[in-house]
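Data first, discussion second: the structure below is written as structure tokens.
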Amino acid sequence: MSQVGLTSRLPAVRGRYIPKAAMSGLTWFRAGGPADVLFMPADTDDLAEFLAQCPDDVPVMAVGVGSNLLVRDGGIEGVVVRLAGKSFAGITVNSTQLTAGAAVLDVAVAKAALDAGLTGLEFMRGIPGSVGGGLRMNAGAYGREFKDVLVSAAALDRKGRRYVLSNADMSFTYRQSSAPTDLIFVEAVFEGSPGDKEQIEARMTEITNARAQTQPIKSRTGGSTFKN
């Protein structure tokens, strides 16, 4: 697909279009060909307008921080949506609930929960990814996963329509969600419990040390790798 021709067919946005964007710079494996067009929306409204007006025949794919993504040398056809910037990176705490944008790193969620004295989210300290990707794959580590703490997730479909999905709506199973594949997650609400900060921090330190002893944490890897 011609990047120049494709860009001319896309709607006006407040965010950024980057034709022939190198995906190798956006994934942990530092490999893979370019995306026809990379779109970084300014905010959720900008993303909704783009999705509503983007031609139906243009493939649209959302990516997170690329910690669990291997891109082929031929690249990705169509538009790759990457949520970045302040609009998708906010964290707020209300009582025992923590709301995080899809671009927030899982480790940042764990740290925010610690600062708020909320237990139950310590396991996210061991996940090298973002909230949006974690929702899609029911990310987990050290005995817990997203399904154990998620209250709801906000998302947009391919037409730009907005949805709020409950935990049950996500239909979580091991390392996956059965939510429609065209949904782009923009925010999540997690539930914690009041806890002792020293104990929460101790658990996070335990997780950090366990990872350091069993994984090459100073290298960019995709986590578990299996060979048949």
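With the sequence shown counted from 1, adding 128 to any position gets you the working numbering. Built from N, CA and C at the ideal position, the CB exists for glycine as well.
Between the beta-carbon of residue 233 and that of residue 241 there is about 13 angstroms, and that puts the pair past the 8 angstroms contact cut. When beta bridges are read from the DSSP output, residue 256 appears opposite no residue. Beyond the five residues adjoining it in sequence on each side, residue 211 comes within less than 6 angstroms, by CB distance, of 230, 231 in the same chain, given in chain order. Per DSSP, residue 230 lies in no beta strand (DSSP E) segment and is marked neither H nor E.
Inside the region 192 to 221, DSSP marks whole beta strand (DSSP E) runs of 3 or more residues at positions 204 to 210, from first to last along the chain.
The criterion of a C-beta distance shorter than 8 angstroms is satisfied by residue 203 and residue 160. The Cβ-Cβ distance between residue 299 and residue 280 does not fall below 8 angstroms. The C-alpha of residue 320 lies about 9 angstroms from the C-alpha of residue 245. A distance of 8 angstroms or more separates the beta carbons of residue 307 and residue 259.
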